[in-house]
Amino acid sequence: MHANIRFENPVVLYDLSRSQVTREQNNLVIQGSFHQGNTRFGENAGKQCVSNCLSAIVHSKLKPVFAWNKLYLDNILIEGNDIYTSVHGTNNYLCVEDLPEFVDLRNRIIHCHKKRSICAFVHDVDPDFDGVLPLDQALQYALIDSDGCFVTVRATTSLVIKQNNKIYMFDSHARNRFGLVDNYGSSIVFELPDIQAVYQHFCNFVQDDQSVPFDVTGITVAIQDTVDSNVDMTLQDNVQHIETQDSVPILGYLDSKHRD
Numbered sequence: 394m395h396a397n398i399r400f401e402n403p404v405v406l407y408d409l410s411r412s413q414v415t416r417e418q419n420n421l422v423i424q425g426s427f428h429q430g431n432t433r434f435g436e437n438a439g440k441q442c443v444s445n446c447l448s449a450i451v452h453s454k455l456k457p458v459f460a461w462n463k464l465y466l467d468n469i470l471i472e473g474n475d476i477y478t479s480v481h482g483t484n485n486y487l488c489v490e491d492l493p494e495f496v497d498l499r500n501r502i503i504h505c506h507k508k509r510s511i512c513a514f515v516h517d518v519d520p521d522f523d524g525v526l527p528l529d530q531a532l533q534y535a536l537i538d539s540d541g542c543f544v545t546v547r548a549t550t551s552l553v554i555k556q557n558n559k560i561y562m563f564d565s566h567a568r569n570r571f572g573l574v575d576n577y578g579s580s581i582v583f584e585l586p587d588i589q590a591v592y593q594h595f596c597n598f599v600q601d602d603q604s605v606p607f608d609v610t611g612i613t614v615a616i617q618d619t620v621d622s623n624v625d626m627t628l629q630d631n632v633q634h635i636e637t638q639d640s641v642p643i644l645g646y647l648d649s650k651h652r653d
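In this note's numbering, the protein residues as written are 394 to 653.
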């Protein structure tokens, strides 16, 4: 698996015992100190992947992903757990569609704009199946004019973040430093070179099984601070030099008529 995404000759940016931050072939990899199934989350443990992804996209607006570290990633999961507690209601597990338009998170109001979800499969699909796309096209569509997209497959949800002409994968499940399933792993965010590499990551995840459905949903968030006179935090993006809209080249076979 991951035969075409190699992480060799790592260059250590910081002491790994402190921050677990590395760059491998110029791709950022950050691991947290625990995953969403940690016992600290009590009855919520293992159920918060959707809310953790929302927390991650919110935090990507507050601090550029390249500046994250282990503690910041841990805090994303802690606040994701808070979101889960506040919005799950009678649902044991959250679906992306269960996320409300507005979420209250630690004195901030999060306005969530979700695109229409797309059903996708790893390879070509029957054109008679309306609303179903090959996964690579679904990823491209979801990322047009979006901050990122939720990707749900085999009852797990992870997040693709688009920022500053970079693509990042966030996953709050137990993963090793290559983003692969590992019972002894932790949450992770890592950089991928382009959308094609994201597509290959998910193909590897399902071992190219053409029968496995994906659900892909574009997401844009606006953050309003309820303490500081209702200042819209998204206006501070220019200060942090965070570019989100149209900053990542799309491969080209989607035109404007497909935009949401």
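A virtual CB, placed ideally from N, CA and C, is assigned to each residue, including glycine.
Which residues DSSP lists as bridging residue i, in chain order
i, result
"residue 561", "554, 584"
"residue 608", "512, 545"
"residue 613", "506"
"residue 489", "DSSP, once it has assigned bridges, lists no residue as partnering residue 489."
"residue 579", "568"
"residue 496", "503"
C-alpha gap between residue i and residue j, whole angstroms
i, j, result
"residue 544", "residue 520", "22 Å"
"residue 572", "residue 523", "32 Å"
"residue 611", "residue 591", "15 Å"
"residue 537", "residue 456", "21 Å"
"residue 441", "residue 473", "7 Å"
"residue 618", "residue 429", "26 Å"
"residue 560", "residue 461", "14 Å"
"residue 595", "residue 585", "12 Å"
"residue 542", "residue 514", "16 Å"
"residue 589", "residue 534", "13 Å"
"residue 531", "residue 607", "9 Å"
"residue 723", "residue 444", "The structure shown does not extend to residue 723, since the chain is modelled only from 394 through 653, so no value can be given for it."
"residue 483", "residue 451", "24 Å"
"residue 567", "residue 528", "24 Å"
"residue 431", "residue 539", "31 Å"
"residue 557", "residue 454", "11 Å"
"residue 512", "residue 587", "21 Å"
"residue 603", "residue 516", "6 Å"
"residue 501", "residue 526", "36 Å"
"residue 578", "residue 549", "16 Å"
Under the three-state DSSP convention, the category residue i falls into
i, result
"residue 424", "strand"
"residue 438", "coil"
"residue 568", "strand"
"residue 522", "coil"
"residue 599", "coil"
Residues of its chain near residue i, where Cβ-Cβ distance is below 6 Å and the 5 sequence neighbours each way are ignored
i, result
"residue 481", "487"
"residue 626", "Reliability of the predicted coordinates at residue 626 is poor, the pLDDT of 43 falling under 50, and the value obtained from them is presented with this limitation in mind. Only 616, 618 meet the Cβ criterion."
"residue 465", "none"
Own chain, CB closer than 7 Å to residue i, minus 5 neighbours either side, in chain order
i, result
"residue 563", "446, 449, 551, 552, 554, 582"
"residue 632", "Note that residue 632 has pLDDT 37, beneath the 50 cutoff, so the model's placement of it is unreliable and the number below is only indicative. So no residue of the chain qualifies."
Neighbourhood of residue i by C-beta, 8 Å cutoff - its chain only, sequence neighbours within 5 removed
i, result
"residue 504", "494, 495, 614, 615, 616, 617"
"residue 510", "489, 490, 608, 609, 610"
"residue 546", "595, 598, 599, 605, 606, 607, 608"
The ligand MG heavy atom lying under 7 Å from the CB of residue i
i, result
"residue 533", "As presented, the structure is devoid of all ligands, the ligand MG included, so that no description of it is given."
(message) Report the start-end ranges of each beta strand (DSSP E) in the stretch 444-479 that is 3 residues or longer and not cut off at the edges.
(response) If we require 3 residues or more, the stretch 444-479 turns out to have no beta strand (DSSP E) run fully inside it.
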